[in-house]
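Protein chains: 2
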Amino acid sequence: MNMREITARMKQDSSNMAAMSLEQRNAALAAVREALLEHKDEIFAANQEDMKAAEEAGVPESVRKRLKFDEHKLADVTAGIEGLIKLADPLGKVQLARELDEGLKLYRISCPIGVIGIIFEARPDALVQISSLCIKSGNCAVLKGGKETARTNKVLFDIIYAAAVKAGAPQGCLVQAEQHNEIDELLECHGNVDLLIPRGSNQFVQYIMNHTKIPVMGHADGICHTYLDEDADLKKAIPVIVDAKTQYTAACNATETLLVNRKAAGEMLPAIANALRENGVKIRGTQEVAEIIECEVMTEEEFKTEYLDLIISIKLVDDVMEAIAHINKYGSHHTDCILTENDETAAKFMQLVDSAGVYQNCSTRFADGFRYGFGAEVGISTSKIHARGPVGLEGLVTYKYKLFGQGHTVGDYAQGRKHFHFRDI
Amino acid sequence: MNMREITARMKQDSSNMAAMSLEQRNAALAAVREALLEHKDEIFAANQEDMKAAEEAGVPESVRKRLKFDEHKLADVTAGIEGLIKLADPLGKVQLARELDEGLKLYRISCPIGVIGIIFEARPDALVQISSLCIKSGNCAVLKGGKETARTNKVLFDIIYAAAVKAGAPQGCLVQAEQHNEIDELLECHGNVDLLIPRGSNQFVQYIMNHTKIPVMGHADGICHTYLDEDADLKKAIPVIVDAKTQYTAACNATETLLVNRKAAGEMLPAIANALRENGVKIRGTQEVAEIIECEVMTEEEFKTEYLDLIISIKLVDDVMEAIAHINKYGSHHTDCILTENDETAAKFMQLVDSAGVYQNCSTRFADGFRYGFGAEVGISTSKIHARGPVGLEGLVTYKYKLFGQGHTVGDYAQGRKHFHFRDI
Chain A
0 MNMREITARM KQDSSNMAAM SLEQRNAALA AVREALLEHK DEIFAANQED
50 MKAAEEAGVP ESVRKRLKFD EHKLADVTAG IEGLIKLADP LGKVQLAREL
100 DEGLKLYRIS CPIGVIGIIF EARPDALVQI SSLCIKSGNC AVLKGGKETA
150 RTNKVLFDII YAAAVKAGAP QGCLVQAEQH NEIDELLECH GNVDLLIPRG
200 SNQFVQYIMN HTKIPVMGHA DGICHTYLDE DADLKKAIPV IVDAKTQYTA
250 ACNATETLLV NRKAAGEMLP AIANALRENG VKIRGTQEVA EIIECEVMTE
300 EEFKTEYLDL IISIKLVDDV MEAIAHINKY GSHHTDCILT ENDETAAKFM
350 QLVDSAGVYQ NCSTRFADGF RYGFGAEVGI STSKIHARGP VGLEGLVTYK
400 YKLFGQGHTV GDYAQGRKHF HFRDI
Chain B
0 MNMREITARM KQDSSNMAAM SLEQRNAALA AVREALLEHK DEIFAANQED
50 MKAAEEAGVP ESVRKRLKFD EHKLADVTAG IEGLIKLADP LGKVQLAREL
100 DEGLKLYRIS CPIGVIGIIF EARPDALVQI SSLCIKSGNC AVLKGGKETA
150 RTNKVLFDII YAAAVKAGAP QGCLVQAEQH NEIDELLECH GNVDLLIPRG
200 SNQFVQYIMN HTKIPVMGHA DGICHTYLDE DADLKKAIPV IVDAKTQYTA
250 ACNATETLLV NRKAAGEMLP AIANALRENG VKIRGTQEVA EIIECEVMTE
300 EEFKTEYLDL IISIKLVDDV MEAIAHINKY GSHHTDCILT ENDETAAKFM
350 QLVDSAGVYQ NCSTRFADGF RYGFGAEVGI STSKIHARGP VGLEGLVTYK
400 YKLFGQGHTV GDYAQGRKHF HFRDI
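Below you can see the structure in the form of structure tokens.
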């Protein structure tokens, strides 16, 4: 079967997947957890083959760390599934209940999106998290993971799929795509697939967005800012800036640009620059910044750069309004932070910066589904439509309107024989 | 200025539009209402020119009715604005409030989408409704109405714009596109425009969806079904079927296909066919239907047809499950109804039919923002992402996450020095 036929079958099964009760979905998750623990030796063996192949292929150690699936990662993902089982049901929530007229009742009820295609990087724990989130939210999913962990992914997927189906999920609940060309096939499956969630490089996500008619949720780049206000507390600010830049530079929520209030620059910038340099960060700045601290001089256009590395851009601004204008122009509407003790200035920043996350006095690195208490995430969305920021269970559901009548016709209302009374129930 | 420059300026202004208080937005709406009443003679004069030109161009009377803007329509739209002023603020709603750890507080707050492009048919009242919905929801909007009411649209727009800006809305709050080629320019404005809402023919909406990178909300076709169950009450069913088919045939929510339970067909179908014929409806059906009532015989593939006319397709099915399978395969996921007194059968239908609206014992024509009590609508969405069904104020907002810390860094949590406690506040 090709991807079009596979997803057509999933589409048919998606109504049955949506109809699974909370008890059935939680039982399926519990079965998945049990099966992972039971088959851990197979998983570890497959992962060791992947790790060996990666080492032989010269994959750098920092990347290889993410490919690993050991006792520690297994404990993490099974704890994640336990947490997910405890979370409230995202389905069947009554979001609106209104009597339009005598005997004519309207309800808006949350329900799954249907069939979701998720393309993610080589991280075996992501496969477990994503498939668990889809089971809990009643969605069918096509999963395509990075090729560097193909062996681990296959073993994990087979275990998860068998356990879910045995616990009552329909045959078409989950499908694994193993070949790279299946990504292009998947992009053609509009009508069958309701949503695509691509994770990966800017270039890859852009490619997906430009080559499909299916709605895409996610983010292409993460150009996050931290703005140091004149009323900042330097003792708080330094560790936050260092964390935002260095705690994990390859992440989309790492800070790329530091904006500094001109009135604070002379006093605060040297100490910040020292702290950044001590943590291995290379500084680039405008001519004006170079007159205060030692740094490489950069141009205005370069503020659109996502470094994903131990490099930071620095620029001075007159006030919070100029910082906001810079962020709305050069940023990627992901996550931006203000460091200030002045709550009025902070309120202005948080109102006017047009980003999924706006922070006061904490690291941009907090933009993450686990850290928000969502259990896990399928991705982070910079789109404003449907879901914004880290996407957990709530971002995986939509709703339908249910209307119950007793033979009601529109003609009676159009011709004034009856009138709506719109009473919330 | 071209559309790219115009929308870039609107994008800059959108933060200020979003920051307008509820009082300011309601005051702007009140000013718009006053101005429309004050300048009614200019509006009516422009509309009479449009009406005369339409008559000379041979536009049929049924269409000309929609172009009209008279005292009656003015009373409708000003009453609509009064209703909108009374509606609760869709902005600034706290959707989530959670303490992640001591002193680290996360809030999810509703906010406008930003800049919306709306392309709608020649109906002057739609221009007033759409611009009012955008003002109430704090969105900037590019409006392009049908050319047949160009003169009325221009006068209405100028009145609304002047009143809104005088009441404190930013310069870039609303823009009217008057030339047809500006639609193609607008489609290229990704990055500046956050959402497009096209209204019109299937072909037109498909064109928009295929020629832009901007998210599109709406629906291309409306193939709505009514399923007559064996447990239907024929006295209720006949007027509902007649209303669903004939009350306004050109609407997307008119029923195009009637599915009839085989066990009920012999007894009920002749009476239904008579009632439909008395209302001028032409019947097409499968061979099996033609053996019970007189009708033109049609093929299976033709069930994908949206007639938008006094024509109906009829097919027999074994049971509710076959009806559901037919609807999910041939329908457009818009609005579908079951006629039955058996609530268990109805529950199955409403759970498994994958449409924005699922109805029991009432006409599919109820799928409409006004009839749902939303005041008005900017369109009806068959997309499952973001908004589904009639789109009122709630479909015009998104949210942002606000995180307040006291110098919190991610490193402390990653290294186990601190632990999240996720306490809802």
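Residue numbers (numbering that gives the first Met the number 0), protein chains in the order written: chain A, 0 to 424; chain B, 0 to 424. Heads up, the beta-carbon is just placed ideally off N, CA and C, and yes, glycines get one too.
From the options, residue whose alpha carbon lies closest to that of residue i
{"i": "Thr6 of chain A", "options": "A:Asp230, A:Thr334 and A:Cys172", "result": "A:Cys172"}
{"i": "Leu268 of chain B", "options": "B:Ile237, B:Lys399 and B:Ser382", "result": "B:Ile237"}
{"i": "His224 of chain A", "options": "A:Glu290, A:Leu315 and A:Gln170", "result": "A:Leu315"}
{"i": "Ala250 of chain A", "options": "A:Glu393, A:Ile222 and A:Lys235", "result": "A:Ile222"}
{"i": "Asn1 of chain A", "options": "A:Gly79, A:Ala96, A:Cys139 and A:Asn191", "result": "A:Asn191"}
{"i": "Leu309 of chain A", "options": "A:Val241, A:Arg370 and A:Glu293", "result": "A:Val241"}
{"i": "Ile134 of chain B", "options": "B:Ala270, B:Asn152, B:Asn273 and B:Ile115", "result": "B:Ile115"}
{"i": "Glu120 of chain B", "options": "B:Leu307, B:Tyr329, B:Arg364 and B:Phe203", "result": "B:Phe203"}
{"i": "Val76 of chain B", "options": "B:Glu229, B:Leu36 and B:Glu181", "result": "B:Leu36"}
{"i": "Ile129 of chain A", "options": "A:Arg8, A:Lys39, A:Thr248 and A:Gly378", "result": "A:Gly378"}
{"i": "Thr363 of chain B", "options": "A:Gly330, A:Ala44, A:Thr211 and A:Tyr400", "result": "A:Tyr400"}
{"i": "Ala355 of chain A", "options": "A:Ala264, A:Lys153 and A:Asp220", "result": "A:Asp220"}
{"i": "Asp193 of chain B", "options": "B:Ile213, B:Glu277 and B:Arg422", "result": "B:Ile213"}
{"i": "Leu216 of chain B", "options": "B:Ile112, B:Ala53 and B:Ser382", "result": "At residue 216 of chain B the sequence reads Met, which differs from the Leu that was named. Met216 of chain B has its Cα closest to that of B:Ser382, out of B:Ile112, B:Ala53 and B:Ser382."}
{"i": "Glu255 of chain B", "options": "B:Gly167, B:Gly410, B:Lys262 and B:Gly330", "result": "B:Gly330"}
{"i": "His333 of chain B", "options": "B:Ala74, B:Gly279 and B:Ala253", "result": "B:Ala253"}
{"i": "Ile424 of chain B", "options": "B:Arg107, B:Lys303 and B:Ser13", "result": "B:Arg107"}
{"i": "Lys328 of chain A", "options": "A:Ile313, A:Asn341, A:Ile337 and A:Glu300", "result": "A:Glu300"}
{"i": "Ile117 of chain A", "options": "A:Ile207, A:Phe365 and A:Gln405", "result": "A:Ile207"}
{"i": "Asn180 of chain A", "options": "A:Asp157, A:Gly167 and A:Lys143", "result": "A:Lys143"}
Inter-residue Cα distance where the pair is residue i and residue j
{"i": "Glu305 of chain B", "j": "Gln286 of chain B", "result": "20 Å"}
{"i": "Val164 of chain B", "j": "Cys139 of chain B", "result": "12 Å"}
{"i": "Arg97 of chain B", "j": "Leu105 of chain B", "result": "5 Å"}
{"i": "Lys92 of chain A", "j": "Glu376 of chain A", "result": "20 Å"}
{"i": "Lys244 of chain A", "j": "Ser380 of chain B", "result": "41 Å"}
{"i": "Gln94 of chain A", "j": "Ser109 of chain A", "result": "7 Å"}
{"i": "Glu177 of chain A", "j": "Lys234 of chain B", "result": "56 Å"}
{"i": "Val239 of chain B", "j": "Val58 of chain B", "result": "31 Å"}
{"i": "Tyr160 of chain B", "j": "Asp232 of chain B", "result": "52 Å"}
{"i": "Ala413 of chain A", "j": "Arg24 of chain B", "result": "31 Å"}
{"i": "Ile42 of chain A", "j": "Glu290 of chain A", "result": "56 Å"}
{"i": "Gly145 of chain A", "j": "Gly137 of chain A", "result": "24 Å"}
{"i": "Asn273 of chain B", "j": "Tyr358 of chain B", "result": "24 Å"}
{"i": "Leu185 of chain A", "j": "Arg3 of chain A", "result": "7 Å"}
{"i": "Ala263 of chain A", "j": "Asp228 of chain A", "result": "7 Å"}
{"i": "Ala345 of chain A", "j": "Ala166 of chain B", "result": "27 Å"}
Continuous alpha helix (DSSP H) stretch holding residue i: start and end
{"i": "Ile182 of chain B", "result": "Asn180 to Leu186"}
{"i": "Tyr106 of chain A", "result": "Here Tyr106 of chain A belongs to no alpha helix (DSSP H); instead the beta strand (DSSP E) covers Leu103 to Pro111."}
{"i": "Ala96 of chain A", "result": "Run containing Ala96 of chain A: none in the alpha helix (DSSP H); it sits in the beta strand (DSSP E), Val93 to Asp100."}
{"i": "Asn252 of chain B", "result": "Run containing Asn252 of chain B: none; DSSP gives neither H nor E here."}
{"i": "Lys64 of chain A", "result": "Glu60 to Leu66"}
Residue i, enclosing beta strand (DSSP E) - first and last residue
{"i": "Ala483 of chain B", "result": "Limits of chain B in this structure are 0 at one end and 424 at the other, which puts residue 483 of chain B out of reach."}
{"i": "Leu245 of chain A", "result": "Residue identity check: residue 245 of chain A is Thr in the sequence provided, not Leu. Where Thr245 of chain A is concerned, there is no enclosing beta strand (DSSP E), although the alpha helix (DSSP H) it sits in stretches over Leu233 to Thr245."}
{"i": "Val497 of chain A", "result": "Not covered by the structure: residue 497 of chain A. The range shown for chain A is 0 to 424."}
{"i": "Asp230 of chain B", "result": "No beta strand (DSSP E) contains Asp230 of chain B, which DSSP labels as neither H nor E."}
{"i": "His407 of chain B", "result": "Val396 to His407"}
{"i": "Ile159 of chain B", "result": "No beta strand (DSSP E) holds Ile159 of chain B; the alpha helix (DSSP H) holding it covers Ala149 to Lys165."}
{"i": "Ile222 of chain A", "result": "Neither: Ile222 of chain A is in no beta strand (DSSP E) and is coded neither H nor E."}
{"i": "Thr334 of chain A", "result": "Thr334 to Leu338"}
Cβ contact check for the region 315-327 of chain B and the region 345-362 of chain B: 3 or more pairs under 8 Å: Three or more Cβ pairs drawn from the region 315-327 of chain B and the region 345-362 of chain B lie within less than 8 Å of each other, which places the two stretches in contact.
The region 238-252 of chain B: positions lying closer than 7 Å to chain A by Cβ: Flagged, chain order: Pro238, Val239, Asp242 and Gln246.
Residues within the region 261-290 of chain A neighbouring chain B, beta-carbon criterion of under 8 Å: If the cut-off is 8 Å between Cβ atoms, the region 261-290 of chain A has nothing near chain B.
Validate contact between the region 26-36 of chain B and the region 70-88 of chain B using beta carbons, cut 8 Å, 3 pairs: When Cβ pairs closer than 8 Å are counted between the two stretches, the region 26-36 of chain B is seen to touch the region 70-88 of chain B, the count reaching three or more.
Residues within the region 391-407 of chain A neighbouring chain B, beta-carbon criterion of under 8 Å: The region 391-407 of chain A vs chain B, Cβ under 8 Å: Thr397, Tyr398, Lys399, Tyr400, Lys401, Leu402, Phe403, Gly404, Gln405, Gly406 and His407.
Near-chain B residues of the region 97-125 of chain A (beta-carbon distance less than 7 Å), N- to C-terminal order: Cβ contacts with chain B come from Arg97, Leu99, Leu103, Leu105, Ile112 and Gly113.
The region 367-375 of chain B in contact with the region 391-406 of chain B per 3-pair CB rule at 8 Å: Yes: at least three Cβ pairs fall under 8 Å.
Chain-ordered residues of the region 24-42 of chain B with a beta carbon less than 9 Å from chain A: Those residues of the region 24-42 of chain B that come within reach of chain A (Cβ to Cβ, closer than 9 Å) do not exist; the list is empty.
Against chain A: residues of the region 369-380 of chain B by CB proximity under 9 Å: Residues Phe369, Arg370, Tyr371 and Gly372.
Near-chain B residues of the region 79-96 of chain A (beta-carbon distance less than 7 Å), N- to C-terminal order: Cβ contacts with chain B: none found.
Proximal residues, the region 180-211 of chain B versus chain A, C-beta separation under 8 Å: Contacts with chain A (Cβ-Cβ distance below 8 Å) from the region 180-211 of chain B involve Asp193, Leu194, Met208 and Asn209, listed in chain order.
Selection of the region 323-351 of chain A by Cβ proximity to chain B, strictly under 7 Å: Those would be Asn327, Met349, Gln350 and Leu351, in chain order.
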